[in-house]
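Colleague: With the numbering used here applied, the sequence shown corresponds to residues 56 to 856, in that order.
Let me begin by handing over the structure; questions about it come next.
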Amino acid sequence: MKVVKLSIREFALPAPRTGSLETDSGYGGAPQSGIEIHQAVQEKRKKAFDHYEAEVTIKHAFERGDYRFEVEGRMDGIFTEASGKVHIEEIKSSFSLGDLHQTLQKSDVSHPYSLQLLTYGYFYHAKHQVLPELSFHLVSSRNFESRDLTIKLKIADYDLWLDLRLDELVKEAILAERRSERRKKVASKFPFPFPKPRSGQFELIATIEAEFKQKNPLLVQAPTGLGKTVGVLYPALKESLARGKPVIYVTPKNSQHQVAEEAMEKFQEQGSNLKSLTLTAKTKLCFKPEPLCNPTYCEYAKDYYDKLAQNDLADLLSKKKKLNAKVFKSLGEKYQVCPFELQLEAVKEADTVICDYNYVFSARSALRRAPQFDFGNTGKPNLVIDEAHNLPGRAMSYYSPSLSIPVLTRMRDDLHILPKKLLKEALELVNECIDVVESLRPKTAQESAHIDPPAAIFLDQESKLRSYLSRYLDSDVEIKPKDPVLKLCFYWSEFTQILADIVGLGRPEFFTLFLKGGTVKITCCDASEMLKQAYDDFDNVVAFSATLKPFDYYAKLSGLESDRLKKAEFKSPFDPAQRKVLIIPQISTKFQDRSRNYGRIAETICRITALKPGNHLAFFPSFDFMEKVAQCLELPPGFRLICQERSMRAEQIEETLQFLKSETVPTLVFGVQGGVFSEGVDYPGKMVIGVFVVGPPLPTFDLERETMRGYYEKMYDSGFDYAYAYPAMAKAVQAAGRVIRSETDKGIIILMDARFLEKSYVQSMPEDWFVTSPKELVSSKILSDLQAFWDEPSVLPSEEL
């Protein structure tokens with residue numbers, strides 16, 4: 056008999072699923088905030104009731120057909136009443152306590168929350184032959200107000216539902232088993248997509264295979280040109296598919312999905328029966344002016360589950376090999392269903408799911424709502440993290456919201472498009488929001504200052520906003536793109552959700568500041584604990600990038616640090632004679648020295664670019680710095696200058712890249728480190744022959760960054776390096792990596808600033824930049840050394856000899 060393991064959350068679902076997409080529908084995983092509220096409430100309940108036990112495991116098994124379904128969960132609370140009756144309670148939290156109470160009051164076995172509680176009671180009765188009392192303990196996440204709601208377990212009614220659910224599970228298990236067997240078959244005949252691996256690529260593949268066998272997480276630094284995307288994805292897929300599991304491939308930006316998609320196409324071209332799915336942001340998929348999942352407002356949310364079943368869309372999705380935004384929009388329009396939710400339905404079919412970081416690492420990850428059947432001990436999916444140097448910062452940003460008086464003031468101006476009957480209250484509300492933020496302004500401080508904001512005033516204001524929003528949506532106002540009311544409510548809610556999560560928990564990685572200019576900001580300076588929780592959903596984890604040094608820094612702030620973590624660095628596969636790296640320590644880009652060096656920097660760039668006509672990039676720490684140097688620039692004859700703008704449209708960026716590709720005029724591009732031209736962009740061949748990295752782009756020295764430095768000093772004994780040097784060098788090394796993208800490329804990397812010789816900065820450099828010391832990169836005759844480099848004939852790859 057085949058064993059299928061399920062959580063009670065996965066098991067206790069309506070049979071069949073019916074209804075619409077809406078708040079408190081009960082589908083999906085528990086948000087992190089809900090978990091923390093549970094823990095706080097459980098502590099109170101333990102004090103209120105003798106012998107109160109929290110998180111008590113309960114399990115039961117059912118047999119149907121060829122399958123044994125082993126269902127396990129944890130009861131939020133169980134205690135014995137004074138009368139001697141056993142009482143099981145389920146804690147549920149919601150911002151709208153009244154709405155949740157009303158929803159559950161009306162439901163029987165049609166709501167997942169009710170089914171979960173009834174299932175606890177049914178399992179308890181099956182084991183002890185005692186019918187327990189069952190109740191919900193409903194808690195407001197706004198102010199911790201609570202209500203109790205009793206429900207009754209009727210064995211006969213539950214058995215009717217159970218019979219339908221087990222039949223459903225058998226069908227799902229058969230399909231899941233077919234998926235698993237198909238994946239295993241693919242793994243058994245899974246050829247490498249090229250005639251042979253590149254130099255270094257074979258070692259990369261072998262390293263990942265060896266560490267995955269030991270279930271060791273892995274940090275990999277590999278340069279451009281090694282073929283690291285295929286080199287990482289190939290062994291990750293092969294191992295995962297051999298167990299019948301998929302790979303989740305995450306990137307920091309949607310624009311970087313293309314590299315993974317192209318790798319999957321290479322595998323598919325070799326005849327592999329692989330299925331790929333690219334997840335797209337809700338805002339890009341939604342057909343409505345605003346992505347608001349409410350059956351009253353959105354016809355694609357209304358009766359979503361009924362339409363899904365009636366049109367057998369799950370079967371339709373299972374037959375497609377490439378699933379992306381175009382497919383989901385087409386199906387969504389045809390069948391009047393939400394394309395965003397439809398892509399989550401399709402996750403179980405995919406062998407590779409390509410998505411943004413937030414689908415795995417944000418507090419409210421949508422991907423966790425797509426459970427996979429677990430047959431026996433086959434484990435979990437593998438996780439591949441691309442451009443992993445971005446992960447610490449991105450993860451911190453998920454937990455670092457702000458509320459700004461200038462932003463709220465602009466929102467107030469936008470509200471004037473509302474009809475008079477709605478405008479007055481909306482203006483009153485936004486003025487109250489401004490007053491709440493203003494009330495926290497320190498009386499004595501003119502600059503930024505630490506504050507300890509009381510959550511209650513923000514949550515009370517959110518309650519008013521939600522109440523108004525409900526009436527607004529029920530009115531006859533047409534919702535348009537960038538709706539000002541929705542914008543205001545979401546902006547406020549994003550802040551209060553994080554504030555509610557951390558208030559009173561004494562978490563040192565969080566602090567709150569009132570910033571000069573009228574902004575309240577929560578800052579998370581270490582998201583490693585939240586990231587560790589995300590890794591629990593995966594069997595193996597490999598994080599890779601061209602810039603992951605020092606490894607200890609990324610291991611700690613990425614939540615990967617452990618005795619089992621393995622670290623590997625791979626050298627460039629290209630001939631080192633094709634690249635010239637120089638450090639110019641005579642130039643200082645320190646803030647106090649900049650004004651004296653603008654002209655010198657401009658002159659140095661011009662003299663070096665004049666040696667070899669062609670496209671060069673110069674990357675600066677900031678736009679101000681870049682613009683000051685540009686004013687001093689006297690371009691070499693025949694050269695053109697292009698400066699990155701502070702806000703560039705996608706078409707402007709593409710136009711610049713196409714111009715560089717044309718190689719019609721030697722061009723000097725000025726940009727900023729960490730910007731659109733310095734990361735995630737390929738410049739193959741002669742598209743770029745030189746890069747200037749003008750100083751390490753240290754973060755702004757301010758109270759927020761200094762508070763982070765204090766935390767890092769206390770936790771990791773490396774305050775300056777963690778807060779300033781390492782984040783700066785990640786951008787600097789990424790910028791330097793824009794040159795030499797293939798074995799036929801030849802180019803120069805010029806690092807301007809003596810700090811590039813200091814230990815804090817050298818630790819981040821690739822090991823193949825120098826042999827024993829970065830001092831090797833300092834030249835006393837810069838121009839003649841560079842001229843000699845350019846005069847040396849290029850080394851062609853062996854097949855071109």
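Ideal placement from N, C-alpha and C gives every residue a C-beta, glycine not left out.
Suppose you measure from the CA of Q97 to the CA of D556; what does that come to, to the nearest Å?
Modeller: 16 Å
Colleague: Between F844 and the rest of its own chain, which residues show a CB-CB distance below 8 Å, the 5 nearest in sequence each way excluded?
Modeller: K635, I803
Colleague: Counting only the same chain and skipping the five closest in sequence on each side, list residues whose C-beta sits under 6 Å from that of I506.
Modeller: L495, T567, F569
Colleague: Considering only the alpha carbon of each residue, which of Q641, E108, H166 lies closest to H142?
Modeller: E108
Colleague: Give the range of the alpha helix (DSSP H) segment to which A555 is assigned.
Modeller: 539–557
Colleague: With a Cβ-Cβ cutoff of 8 Å, do L281 and L296 count as a contact?
Modeller: Not in contact: L281 and L296 (Cβ atoms no closer than 8 Å).
Colleague: By DSSP's criteria, G132 is part of a beta bridge. Which residues make up the other side?
Modeller: A109, E144
Colleague: Considering only the alpha carbon of each residue, which of C544, D529, Q501 lies closest to S518?
Modeller: C544
Colleague: For a test of the three-state rule: what should DSSP assign to S190, helix, strand or coil?
Modeller: strand
Colleague: Can you name, in chain order, every residue of its own chain whose Cβ lies under 8 Å from the Cβ of G730, other than the five neighbours on each side?
Modeller: F674, Q699
Colleague: What's the gap between the Cα of V597 and the Cα of I263?
Modeller: Cα to Cα, V597 sits roughly 8 Å from I263.
Colleague: Examine the Cβ distances between the region 607–617 and the region 239–246 and report whether three or more of them are shorter than 8 Å.
Modeller: At 8 Å Cβ cutoff, the stretches do not touch.
Colleague: Around the Cβ of I805, are there at least 16 other Cβ atoms within 10 angstroms (buried) or fewer (exposed)?
Modeller: buried
Colleague: Are the CB atoms of E624 and Q276 within a distance shorter than 8 Å?
Modeller: With respect to E624, Q276 sits close: the two C-beta atoms are nearer than 8 Å.
Colleague: Roughly how many angstroms lie between the CA atoms of P301 and V415, to the nearest whole one?
Modeller: 14 Å
Colleague: Give the straight-line distance between the Cα atoms of G153 and P782, rounded to the nearest whole angstrom.
Modeller: 46 Å
Colleague: Per DSSP, which one or two residues make a beta bridge with L568?
Modeller: H505, K576
Colleague: Out of H180, D776, G128, which has the shortest C-alpha to C-alpha gap to L612?
Modeller: D776
Colleague: Quick check: what's the CA-CA separation for Y766 versus A511?
Modeller: 27 Å
Colleague: Taking all protein chains shown into account, do 16 or more other C-beta atoms lie within 10 angstroms of the C-beta of T664, making it buried, or fewer, making it exposed?
Modeller: buried
Colleague: Taking one C-beta from the region 588–596 and one from the region 465–484 each time, how about it: are there three or more such pairs within less than 8 Å?
Modeller: no
Colleague: For the beta strand (DSSP E) holding Q269, just list the boundary residues, first then last.
Modeller: First-last for Q269: undefined, no H or E at that position.
Colleague: Between K376 and K330, is the Cβ-Cβ spacing less than 8 Å?
Modeller: yes
Colleague: Touch check for the region 641–652 and the region 268–275: three-plus C-beta pairs under 8 Å?
Modeller: no
Colleague: Should T602 go down as buried or exposed, given a rule of 16 or more other Cβ atoms within 10 Å for buried?
Modeller: That one is buried.
Colleague: Suppose you measure from the CA of K374 to the CA of L397; what does that come to, to the nearest Å?
Modeller: Looking at the two C-alpha atoms, the distance is approximately 14 Å.
Colleague: Are the CB atoms of V485 and R467 nearer to each other than 8 Å?
Modeller: yes
Colleague: Check this for me: beta carbons of G299 and R238, under 8 Å apart or not?
Modeller: Yes, they are a contact pair.
Colleague: Of the residues Y289, A228, K268, which one's Cα is nearest the Cα of Q256?
Modeller: Y289
Colleague: Per the DSSP calculation, H115 is bridged to which residue(s)?
Modeller: V126
Colleague: May I ask which residues mark the beginning and end of the alpha helix (DSSP H) holding I708?
Modeller: 705–717
Colleague: Just mark E854 as buried or exposed, buried being the case when its beta carbon has 16 or more other beta carbons within 10 Å.
Modeller: With a pLDDT of 38 at E854, under the threshold of 50, the modelled position of that residue is not reliable, and the figure given next carries that caveat. With fewer than 16 other Cβ atoms within 10 Å, it is exposed.
Colleague: Would you kindly report the start and end of the unbroken beta strand (DSSP E) that includes L723?
Modeller: 722–727
Colleague: When DSSP builds the beta bridges, which residues end up paired with D581?
Modeller: For D581, which the question treats as bridged, DSSP gives no partner whatsoever.
Colleague: Q552: which of G774, E442, E502, Y454 sits nearest, CA to CA?
Modeller: Y454
Colleague: Apply the 10 Å Cβ neighbour rule to M56 and answer buried if 16 or more other Cβ atoms are within range, or exposed otherwise.
Modeller: exposed
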